Amino acid sequence: MSGKLGATLAVCLASSVIVAQPLEPPRNLLRNSHFWLSTNGEVPDWWGTGIPERIREWRGCIALEESSPIQGTRALRLFNPQAGTRFSLQSFAYALPSGTPYTFSVYLRAGREDFPVTLSIGYDQSTTVRVSTQWQRYTFTATPQRGHWAQGRLIVSIAFTQEGTLWVAAPQLEAGESATDYTPLYRDGAFLPSRSQPFRAIVQLNFYTTEPTFRLWCESNLPKPVTVRCRIANLEVSPVSANSLAPGERKFLPFSLDKVPTGAHTLTVEAVDEQGNAVATVTDALTKLPPPENVGAVVQIDRVRRFLVINGKPTILFAQGLHDNPETWWLDEIAAHGFNAAIPMVSTDPKTWESARQFLDEMQNRKLLAIVWLRPFRRKTAQEIADGIAKTISALKDHPAIAVWYLLDEPEDWWAQGGRKEEELLTVYQNAKQADPYRPAQLNWYAWMDGKGGYGSLQASDFGSLDHYPFGRVENPFARLADFLWRMNRDCRPLGKPVAFWQQMYGYDDAVREPTAEEARTHTWLTLVTGGRLVYWFIYKPMGQRFWATMPQIAKEVSRLEALLTKEDATELAVGRDGNVHYALWRIGGQDILLVVNAGYTFARVPIFVRWLLRREVKRGRWMLGDKGIVVRGGVAWTQLPPLAGGAFQLE
-7 MSGKLGATLA VCLASSVIVA QPLEPPRNLL RNSHFWLSTN GEVPDWWGTG
43 IPERIREWRG CIALEESSPI QGTRALRLFN PQAGTRFSLQ SFAYALPSGT
93 PYTFSVYLRA GREDFPVTLS IGYDQSTTVR VSTQWQRYTF TATPQRGHWA
143 QGRLIVSIAF TQEGTLWVAA PQLEAGESAT DYTPLYRDGA FLPSRSQPFR
193 AIVQLNFYTT EPTFRLWCES NLPKPVTVRC RIANLEVSPV SANSLAPGER
243 KFLPFSLDKV PTGAHTLTVE AVDEQGNAVA TVTDALTKLP PPENVGAVVQ
293 IDRVRRFLVI NGKPTILFAQ GLHDNPETWW LDEIAAHGFN AAIPMVSTDP
343 KTWESARQFL DEMQNRKLLA IVWLRPFRRK TAQEIADGIA KTISALKDHP
393 AIAVWYLLDE PEDWWAQGGR KEEELLTVYQ NAKQADPYRP AQLNWYAWMD
443 GKGGYGSLQA SDFGSLDHYP FGRVENPFAR LADFLWRMNR DCRPLGKPVA
493 FWQQMYGYDD AVREPTAEEA RTHTWLTLVT GGRLVYWFIY KPMGQRFWAT
543 MPQIAKEVSR LEALLTKEDA TELAVGRDGN VHYALWRIGG QDILLVVNAG
593 YTFARVPIFV RWLLRREVKR GRWMLGDKGI VVRGGVAWTQ LPPLAGGAFQ
643 LE
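With our numbering applied, the sequence shown corresponds to residues -7 to 644, in that order.
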């Protein structure tokens, strides 16, 4: 590859804006709108009233019933024994702004006809509806100016002053001026397939080289069948097989790369109706690199599923971190314990490159991939650091063991020293991609900023990568870990970028204790369920013998999950969380697979609303691997998981 062409393609790879597997949050802003969560018996969590102070005989005035008109939810029965007393049920006060339109909808029925009920959004917007003895959905749209007594918060409420009984089911609050179909899924608790755009198309891999074809992930929300047509400017890109989509269909379609020239291209994709009209048009990036020369491995990123494809093999990396000056016998133990990769530290000092190459040879002999953690001289300028990293990459890139270039660690802690600027991290990344455009290059951080990633931003890294070691510091360390993973994947998913997470393996120096074997396994399930595809362990070797002895079992489960999640047609349908329970739904080989983990220290019985997630009826969940603990009833999959448990289930 010529230097000019390589530089151009490297910059395109490093700076292209991509939109990958689209997932979006549900519209319902109300928690526990299904009324299944009721810590105190007949009173649903996130809902309440202050009326018991006015009704002396309170017994029987509030109760949960299995009479909801919406399958998979419960109804709340309210009884007012005192005419003239205002019985008001209100939601939790959510952090939502006033001065913007909302739509509140709810199913109601009463004990008698023409029963007046007041629906309110905030403190200053309300309407009165006349409720009958039959279930009916009532809708109210308004723009509150005073959402709650606390500024920046908002409630909705349902109130009546007549003596009598009112049943409430499926309340929903949405931003905007129209009501959509009810969902029990809460906005901050799930990400679902996007239905907001009529047509989407995503090139599967971040680049291609000598492959004869590429696959295009297509989603049609159009009402009629369409054919998918592709072109680069005026060059038509031919389909390899049938390229039609039925309404609502989502799948990969293959297209030929034969006529596509080397370079970074804008691919125009059209959905064409039966009359030959383009009814929807989208664009995406398609990059074709020259055949690699003097490069030991080709490592692509699957932008739809966000794992690596190493020399054509889809891979979830399970990598052991190493301290400086490693011993070769470490590699024997690491390989024997099920790891498929290790993370050696490599200095940018040319004097160390030969010993680094010898250690990479030892890794290759044990079939271990390398995530090369580069260690530059920190007292250099930004350009000098970038040049040193690029030269090291150029010197070692022919080695077949290398899968990933790990450019800098925790730059937010030291990069600004000596006058270096945050935006100069992009130069480090671009130089690395120019030196080797055939492998991913990453930064790693310890802090995450929503919508940006770490210091230097996600523009300067092919992965979102973070380290966090909370075991022994807080009562439930998984709360912090889960929050990081949720936010990282929320930001990386639309960019098609994998998520890597350093999992704690040490318990000294700045760490209080090592995780237990059970905690280490749960952390791994949590990383994979939430969307992580690279599991890093800091650092060899743990003190706990049982912890270390359990690693082969954890690695085996990762290998089995890898076999599922990297199948040719596997796609992530939805991810969600409820308390300590995190879950993901995948479509694999025509089957719907539920992955779930209880990242907590108490038994978890939590509803997962698979009927709404899948838009179909579900009758049972068949155990596949990991721990058992799912019961399906009424389109709801109930977790019955002991502490620190995780498993995979086929939904039938």
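Backbone N, C-alpha and C define an ideal beta-carbon position, used for all residues, glycine too.
Given the structure is predicted, the values throughout are model-derived calculations rather than measurements.
- Nearest neighbour of Leu208 by Cα position, chosen from Lys243, Pro215, Lys216, turns out to be Lys243.
- Cβ contact annotation for Phe310 (same chain, cutoff 6 angstroms, sequence separation greater than five): Phe331, Asn332, Val527, Ala547, Val550, in chain order.
- Taking 8 angstroms as the cut-off, the beta carbon of Gln495 is found closer than this to the beta carbon of His515.
- Within the same chain, Val218, Thr219, Val220, Arg221, Ala270, Val271 come within 8 angstroms of Val264 by CB-CB distance, once the 5 residues on both sides are set aside.
- Contact annotation: the region 123 to 143 touches the region 94 to 113, with at least three C-beta pairs closer than 8 angstroms.
- Within the region 58 to 145, the complete beta strand (DSSP E) segments at least 3 residues long are 67 to 72, 79 to 83, 94 to 102, 107 to 113, 117 to 123, 128 to 134, listed from N- to C-terminus.
- Ile194 carries a strand assignment under DSSP once its states are collapsed to helix, strand and coil.
- Exclusion of the five residues before and after Ile385 leaves Trp397, Ala424, Ala427, Asp428 as the residues of its chain whose Cβ lies within less than 7 angstroms of its Cβ.
- Distance between Gly240 and Ser212, taken at the CA atoms: about 5 angstroms.
- Pairing Val252 with Thr340, the inter-Cα distance amounts to about 37 angstroms.
- The three-state reading of DSSP puts Ser30 in coil, since its state is none of H, G, I, E or B.
- Take the alpha-carbon of Leu314 and the one of Gln196: they are about 32 angstroms apart.
- When beta bridges are read from the DSSP output, Cys210 appears opposite Ala193, Lys243.
- Proximity to Trp322 across Trp540, Leu553, Ile585 peaks at Trp540, based on C-alpha coordinates.
- Assignment of Phe299 by DSSP, reduced to helix, strand and coil, places it in the coil class.
- DSSP places Val232 outside both helix and strand once states are collapsed to three, so it counts as coil.
- Within the region 413 to 493, the complete alpha helix (DSSP H) segments at least 4 residues long are 417 to 427, 469 to 484, listed from N- to C-terminus.
- Put simply, the backbone Cα of Ser59 is about 9 angstroms away from that of Ala161.
- Rounded to whole angstroms, the separation of the alpha carbons of Ala362 and Met355 is 7 angstroms.
- Look at Ser188 here: in three-state DSSP terms it is coil, with no helix or strand label.
- Residue Gln434 holds the alpha-carbon nearest to the alpha-carbon of Leu400 among Gln434, Phe107, Gln292, Pro392.
- Classified as buried, Pro163 has 16 or more neighbouring CB atoms from the shown chains inside 10 Å of its CB.
- Residue pairing by DSSP places Met497 in no beta bridge whatsoever.
- In the structure shown, Gly40 falls within a strand segment according to DSSP collapsed to helix, strand and coil.
- By the CB criterion at 8 angstroms, Arg608 and Glu644 fall outside the cutoff.
- Inclusion of Thr522 and Val573 in the CB contact set at 8 angstroms is not warranted, their separation being larger than that value.
- DSSP, read as helix, strand or coil, puts Asp405 in helix.
- The three-state secondary structure of Gly411, taken from DSSP, is helix.
- Judged by beta-carbon spacing, Arg297 lies within the 8 angstroms limit of Glu564, meaning their Cβ atoms are closer than that value.
- If you ignore the 5 residues before and after Val232, its C-beta comes within less than 8 angstroms of the C-beta of Thr205, Pro246, Phe247, Ser248, all in its own chain and listed in chain order.
- When secondary structure is reduced to three states using DSSP, Thr275 falls in the strand class.
- The beta carbons of Ala387 and Thr419 sit no closer together than 8 angstroms.
- For the 8 angstroms CB-CB criterion, Arg23 and Tyr174 do not form a contact.
- Straight across, the Cα-Cα distance linking Arg145 with Ala277 is about 41 angstroms.
- Under the three-state reduction of DSSP, Leu556 is assigned to helix.
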